[in-house]
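In what follows, a single structure is set out as structure tokens and then discussed.
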Amino acid sequence: MNLLVFSSASSISTNRAYIRDLVNNHSTKVHLCILYREIHGNEKNNINLKSEPFSITLHRLEGIHPRLESVQGIRNIIKKFRPNHILLEFDPASKLVNDVIYYGKKINSNMNISCIVLENRRKTYLKDAFTALFKGKLKLFIGNLLCEYFNRNAIKHVSYLFPISRESCDVYSNLNFNTNRIQQVPLGIDEKLFVSRSNNFKSKIRKKLKLNSFTIAYFGRLVPEKGIKYLIQSLSILKFDDWQLLIDSFDTYKSNFSKEIKELIFSNGLEKKIVFFDANHEKMPDYYSAVDLLVLPSIETPYFKEQYGRVLVEAMLTKTMVIGSNTGAIPEILSSKYLIFKSGCSNSLAEKINDIKMLNKKSKKEIINQNYLRAFNFLTSKNQAKEIFNILKNN
């Protein structure tokens, strides 16, 4: 099988793990097109192009909106690499996917084109278009009409959609894609990178970070929809005092919101309990192993719903205890109701942290092992590659 992949996420090498598995374990010839956005002028230079068992080229995304972005030279890319399958990590209601459909089918009418999709908020492009028109929002009206056109074209020509969650499957079913062509494949995490560290190694990391109490962690973007505000508020009402919070350095996410969180920390007198760190993604397994509990407190907004929660799976693979809010795909990832708390509720989160702290070693070990087995058996890059290959090879 000759596979051409279009991906933005693959600018981070750990996100290419399933592609490596396709090449190494399934005899698939792959060319990867990494698509990047030029925002600060140095994005291209920051992409890690370490040695891979497949060829890579870089292409700049251009457009006035994410759904209207595309890259130059798609026809030449397809002609040069002559794939029989094209896989895009992009939503079908986009110009990029429709450009690939147009040129791919022109070069080879039997070209198989598939998409890995994340969207888990229900879409009604036509209805939204006329709602926008009624409100006098012409740009939004045109944008939704274009999405409706892109989506209808994709329905006719896309071979398979690979949603990463059950919610996402429902979204595309409601958009009238053939349910036989909607095949859920969970996002795969690199099981070779995210592994548990030895107790001796954990001790060294904890010593380096000056962690000497029950350590709670939040790893992720510092934005309102990730619910970090509720985590900070919950910490001030815990029933125990011997805790520390490990969190990404605020310098990584300088914004008005990061200032708000900093003020919240100081107003609650928690500044001495916060430990900041800065690490690239490939070093994250070290930090997972150093904590007692990872929290993902995401909330739902009119514009955001947690699509997956990959930090949970990464932590599960490193045998770290995790809890998450009851929004988006988080309950599907965790599967156990015991590990879920009410989204946007500091009291519910504090109560759950208290419960985890009170667990005896046996119960804690059982939960951690159950999480690990779930992640290792179903949520790895190896599994993602296997499922995608088995579906595409028969088409």
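Following this note's numbering, the numbering of the sequence shown begins with 15 at its first residue and continues without gaps. Virtual Cβ for every residue (Gly too), placed ideally from N, Cα, C.
Distance between residue j and residue i (C-alpha atoms, nearest Å)
i    : j    : result
Y317 : N214 : 44 Å
K7   : N226 : Residue 7 cannot be examined here, being either before or after the span of the chain that is shown, 15 to 409.
F95  : F20  : 13 Å
S217 : S210 : 13 Å
K333 : R166 : 43 Å
K378 : P345 : 19 Å
L326 : S108 : 29 Å
D113 : T193 : 24 Å
T138 : M372 : 46 Å
L159 : T145 : 11 Å
D142 : L82  : 17 Å
I100 : S212 : 41 Å
R235 : M298 : 14 Å
G323 : L393 : 12 Å
N282 : S272 : 16 Å
K149 : F164 : 23 Å
I313 : L152 : 30 Å
I53  : K243 : 28 Å
S25  : L18  : 16 Å
L406 : E162 : 27 Å
S41  : M15  : 8 Å
Q321 : K119 : 31 Å
H369 : L63  : This sequence places Asp at residue 369; His is not what is there. Near 44 Å, if we compare the C-alpha coordinates of L63 and D369.
G342 : Y186 : 15 Å
F104 : F68  : 20 Å
K356 : H73  : 42 Å
K222 : M330 : 23 Å
Beta bridge counterpart(s) of residue i as assigned by DSSP
i    : result
E365 : Beta-bridge pairing links E365 to no other residue.
K43  : N16
S128 : L101 and Y174
L307 : I230
I354 : G338
F318 : T315
E48  : Per the sequence presented here, residue 48 reads as Ile, with Glu not at that position. DSSP output for I48 lists S21 and L72 as bridge partner(s).
S84  : E76
Where the beta strand (DSSP E) containing residue i begins and where it ends
i    : result
G338 : V336 to S339
A231 : F228 to Y232
Y174 : Y174 to P177
C183 : From DSSP, C183 is part of no beta strand (DSSP E) but of the alpha helix (DSSP H) over R180 to N188.
H99  : H99 to L102
R74  : S69 to L75
I261 : W257 to D262
Among the options, nearest to residue i - alpha-carbon criterion
i    : options                   : result
S179 : I130, N90 and Y139        : I130
K319 : F233, Y139, E239 and V85  : E239
S349 : N368, L387 and I313       : L387
L308 : N188, W257, V237 and K268 : W257
K375 : D306, L49, E52 and E401   : D306
F233 : P311, S24 and L110        : P311
L245 : Y117, S22 and I367        : I367
F228 : K253, V237 and E205       : K253
L189 : C47, K351 and I169        : I169
K43  : I33, L49 and Y50          : I33
R51  : L154, N385 and G77        : G77
S182 : E277, D369 and N134       : N134
C359 : D369, S339, I370 and L353 : S339
H295 : M15, T28, A23 and S22     : T28
H79  : V199, K221, I156 and F176 : I156
S22  : D204, L46 and V37         : L46
Residue range of the alpha helix (DSSP H) that includes residue i
i    : result
I288 : Element bounds for I288: not the alpha helix (DSSP H) but the beta strand (DSSP E), I288 to F291.
R388 : K375 to F392
I121 : K109 to I121
A146 : Y139 to F148
S281 : N270 to S281
K94  : I88 to F95
L326 : R324 to L331
P345 : I344 to L348
A23  : First-last for A23: undefined, no H or E at that position.
F403 : S395 to L406
Closer than 6 Å: residue i CB and nearest the ligand MN heavy atom
i    : result
R180 : The ligand MN is absent from the structure shown, which contains no ligand whatsoever.
For a minimum of 3 consecutive residues, which ranges assigned as the beta strand (DSSP E) are wholly contained in the segment 191 to 244? 228 to 232
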